[in-house]
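Structure record follows, encoded as structure tokens.
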Amino acid sequence: MNFELTKEYVEQVQELIVTENPEAIRTKMAELFPADITGLLYELETTEARYLINQLDTELGAEILAALDPNERREFLEAFTSEEISRYVNLFDSDDAVDLLNEQPIRVREEVIALLEDREQARFILDLLHYDEDVAGGLMQKELVKANVNWNVNQCIEELRKQAEDVEKVYAVYVIDDNGILLGILSLKKIVLANKDTRIESLYDKDVIFVETYRPAEEVSELMQRYDLDALPVVNVQGKLLGRITIDDVIDVITEQANSDTLAMAGITGDVEEDDTIFQQTRARLPWLLVGMMGGILAAKFISFFEGDLKIIPAMAAFIPIIGSTGGNVGIQTSSIILQSIADKTGLDISVWNRLIRMFAVASINGLIISGIVFGFNLLIGNELQLALVVSSALLSVVFLASFTGTVTPIVLDRIGINPAVASGPFITTANDLIGYGVYFGLAHLLLHL
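Position 389 of the sequence shown, counted from 1, bears residue number 389 in the UniProt record's numbering, the numbering being contiguous throughout.
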């Protein structure tokens with residue numbers, strides 16, 4: 001049955017905490033999944049949450065801490081001693097332990113590592129702390145299952161039993177030589193089905209996909225998505241197996257990248273959270289707002305050149321917003337599709353020319369429908385046929401031109417090394433406004449003889 005966190009439930013838990021009834025707390029928490037307890041912690045005061053989690057089984061407490069939002073966890077752990085933190089970190093996978101420790105002050109980080117009972121875990125953590133968080137080395141965990149190429153299946157199974165104790169999920173066995181160099185991968189199914197005397201060298205698959213420690217997180221994400229991998233081995237420049245990256249770590253990268261791209265397309269630079277300071281949020285939003293403002297000023301100045309035309313046919317002014325908004329919407333829609341293909345590499349095999357053909361086909365259908373509706377509307381409200389032709393023709397042209405800029409701009413920006421998600425929106429909006437107004441007034445001069 002799905003658990004619903006209500007105000008009454010939170011108050012019941014708070015009452016148990018106030019009365020310091022650990023047995024009742026453990027009984028009540030036994031009804032919940034770890035994810036439900038995580039949600040409950042967000043509703044408690046820091047001291048209450050600390051008391052609650054310290055009454056639970058250490059393994060359950062570690063699972064809950066690992067699942068907490070990093071920002072919430074940072075604040076939450078301020079109430080914990082280094083000894084308490086180390087007790088839980090002992091049970092973390094090495095990559096999760098590094099994530100948690102990177103959130104702590106240096107003093108706390110050093111104290112926790114020194115207090116770890118599992119010295120191999122401490123060594124793993126120290127190794128991983130050398131890597132930046134946004135590269136493969138910073139994403140990997142040291143815990144994995146590996147087999148020497150010279151073993152037979154029986155030896156392999158015996159060793160796997162020992163190694164698997166420290167590995168939360170076993171997706172495959174990595175085959176190495178005597179120097180620890182990654183040679184290939186071996187599925188658990190092959191091990192189970194093989195004769196116990198069969199040598200590993202005759203079973204493993206040499207076509208293994210791996211990544212070097214220095215590769216960017218985005219590249220790791222792309223590899224795992226492209227080849228549908230549950231785990232990806234990580235090697236150093238010599239090819240020595242150092243660790244693995246699991247799918248749950250990549251999901252975090254994908255989510256962060258998607259959030260970053262969404263903010264970028266909205267003209268927000270940097271990683272901004274809702275609870276950031278006013279100055280941080282202003283600094284992230286203002287640059288591209290200023291770019292958009294300059295574009296608006298240019299568009300206003302451009303329209304002012306045709307002030308005389310508007311005095312002759314005032315009805316033209318009513319359709320200026322439609323011209324601008326249609327061009328902007330079409331451009332953003334088109335660029336969003338292109339940005340998506342750039343981000344997930346789905347359009348690598350499609351040439352720019354083929355992209356343009358496809359976008360123009362879509363633009364033809366959309367443009368004819370939109371311009372047809374506006375043409376009919378003009379006639380319906382009694383505008384002259386010539387004005388109806390000008391507005392509808394301008395809209396059709398704007399849809400085509402906006403599709404062109406929306407297709408080409410992200411591709412060009414990406415190829416010259418500028419983040420297309422950040423720059424496309426303001427650039428496309430300004431360009432389409434100017435182009436749209438130019439087409440509109442140009443057609444008016446041509447067809448209305450202004």
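Glycine included, C-beta positions come from ideal geometry on N, C-alpha and C.
Residue i - containing beta strand (DSSP E), residue span
| i | result |
| --- | --- |
| residue 242 | 241–246 |
| residue 233 | 231–235 |
| residue 184 | 182–186 |
Three-state secondary structure assigned by DSSP to residue i
| i | result |
| --- | --- |
| residue 147 | strand |
| residue 36 | helix |
| residue 212 | strand |
| residue 252 | helix |
| residue 428 | helix |
| residue 167 | coil |
| residue 204 | coil |
| residue 174 | strand |
| residue 419 | coil |
| residue 354 | helix |
| residue 366 | helix |
| residue 152 | strand |
| residue 323 | helix |
| residue 3 | coil |
| residue 238 | coil |
| residue 313 | coil |
| residue 179 | coil |
First and last residue of the uninterrupted alpha helix (DSSP H) at residue i
| i | result |
| --- | --- |
| residue 456 | With the chain represented from 1 up to 450, any question about residue 456 goes unanswered, as that position is not in the structure. |
| residue 25 | 22–29 |
| residue 199 | Residue 199 -> no alpha helix (DSSP H), and no H or E assigned at all. |
| residue 218 | 217–226 |
| residue 294 | 278–304 |
| residue 14 | 7–18 |
| residue 96 | 94–102 |
| residue 52 | 46–55 |
| residue 43 | First-last for residue 43: undefined, no H or E at that position. |
Buried/exposed call for residue i, threshold 16 Cβ in 10 Å
| i | result |
| --- | --- |
| residue 382 | exposed |
| residue 6 | exposed |
| residue 340 | exposed |
| residue 246 | buried |
| residue 80 | buried |
| residue 162 | exposed |
| residue 255 | exposed |
| residue 204 | buried |
| residue 321 | exposed |
| residue 30 | exposed |
| residue 82 | buried |
| residue 378 | buried |
| residue 304 | exposed |
| residue 12 | exposed |
Cβ-Cβ separation, residue j to residue i (assumed contact under 8 Å), whole Å
| i | j | result |
| --- | --- | --- |
| residue 363 | residue 325 | Not quite, the Cβ-Cβ distance comes to about 16 Å (not below 8 Å), so this is no contact. |
| residue 394 | residue 443 | 5 Å |
| residue 298 | residue 430 | 7 Å |
| residue 410 | residue 335 | 5 Å |
| residue 147 | residue 186 | 6 Å |
| residue 398 | residue 436 | 4 Å |
| residue 472 | residue 154 | Lying before the first or after the last residue shown, residue 472 is absent from the chain, which here runs from 1 to 450. |
| residue 17 | residue 48 | 5 Å |
| residue 232 | residue 211 | 6 Å |
| residue 327 | residue 433 | 7 Å |
| residue 174 | residue 230 | Actually they are not in contact, since the Cβ atoms of residue 174 and residue 230 sit about 13 Å apart, beyond 8 Å. |
| residue 235 | residue 140 | Incorrect: roughly 10 Å between the Cβ atoms, too far for contact. |
| residue 221 | residue 280 | Rounded, the Cβ-Cβ distance is 26 Å, inconsistent with contact. |
| residue 64 | residue 37 | 5 Å |
| residue 94 | residue 142 | 5 Å |
| residue 306 | residue 441 | 5 Å |
| residue 323 | residue 448 | No, residue 323 and residue 448 are not in contact; Cβ-Cβ is about 15 Å, not under 8 Å. |
Any C-beta of chain B under 9 Å from that of residue i
| i | result |
| --- | --- |
| residue 65 | You won't find chain B in this structure, because it holds only one protein chain. |
Contact test: residue i Cβ vs the ligand GTP heavy atom, cutoff 8 Å
| i | result |
| --- | --- |
| residue 121 | Here there are no bound small molecules, and the ligand GTP is not part of this structure. |
What are the complete alpha helix (DSSP H) segments, minimum 4 residues, inside the segment 104–145? 106–115, 119–128 and 136–139
At 4 residues or longer, and completely inside the segment 61–91: list those alpha helix (DSSP H) runs for me, N to C. 70–76 and 82–89
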